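Residues in the sequence shown are numbered consecutively from 1, following the numbering used here.
In this text, a Cβ means the ideal position worked out from N, Cα and C, and glycines have one as well.
Computed from a prediction, not measured in an experiment: that's the story for all the values here.
Reviewing the structure listed below.
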Amino acid sequence: MDEAEEPSLSEENEAKNKELSAKGESEKSTIRHGTDFQDAFETLAKFRKSERAKNDGEVSYFQNNDKMILDGESFVSNLNRDLDEAKKLFTRLTQAESPKDQFFIKQEIIRHQKSLRKIILGSVRLCEKETCSFPEYTLDILNMDVLKDILEKVSMENWSSQDDFHSFDEFTKKIKNAYYERITPWAAYLKSVIEELGIE
């Protein structure tokens, strides 16, 4: 039986060159995407504003002339923040022995619920303005109907009840997961917001 021919030196060099070329293109792509993200992020940062209406939480948005777009990522981050803080408090609650400690921890949990409600309400009111809208890129995930559903749930339920809190957490988890999946990679999302705002 004939032995398989070993590749020649020139063939080995050609294979190595192809491998290095592919690696180089991959690295260039990574650098390019990173640069795209950085450029888009820095551009949008110049147009980011925030608004705090009476009794509402602070809402972040982008504005160019009269056109306003809700900062969806900031909204979802605030949602995560209050939920994470409430989860930490529930852990403390299971360890608290005195009724007095339990009472004050529950009050702190409710404070985060109220904080989140204010942010959602502020976002709804902002997006009710004719000149403001949700980012088109994530509109099927984050829109007025979704915000109002979250607002209704956070208003009707009582987070001092762990069942109510768990129900809200599970409800919003699906929205958050879908949202972050959509905006990854971020560069494409940020560029779409820049285009919507008409930034040149």
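Have a look at D163, S115, C132 and V154 and flag the residue whose alpha-carbon is nearest the alpha-carbon of G72.
C132
Collapsed DSSP secondary structure at S50 in the structure displayed:
strand
Out of V59, K87, N80 and D36, which one is the CA nearest neighbour of Y179?
N80
Spell out the partners DSSP gives Q63 in its beta bridges.
M68
Rounded to the nearest angstrom, what separates K28 and L190 at their Cα positions?
Below a pLDDT of 50, predicted positions are generally treated as unreliable, and K28, at 36, falls in that range; no measurement from the model is reported.
Please classify Q113: is it buried, with 16 or more other beta-carbons within 10 angstroms of its beta-carbon, or exposed?
buried
Taking S123 and F75 to be in contact with their CB atoms under 8 Å, please state how far apart those CB atoms are, rounded to whole angstroms.
6 Å
Under 8 Å: do the region 169-187 and the region 136-147 share three or more Cβ pairs, one atom per stretch?
yes
Could you pull out every residue in the same chain whose Cβ sits closer than 8 Å to the Cβ of C127, ignoring the five residues on either side in sequence?
L70, S133, F134, M144 and L147
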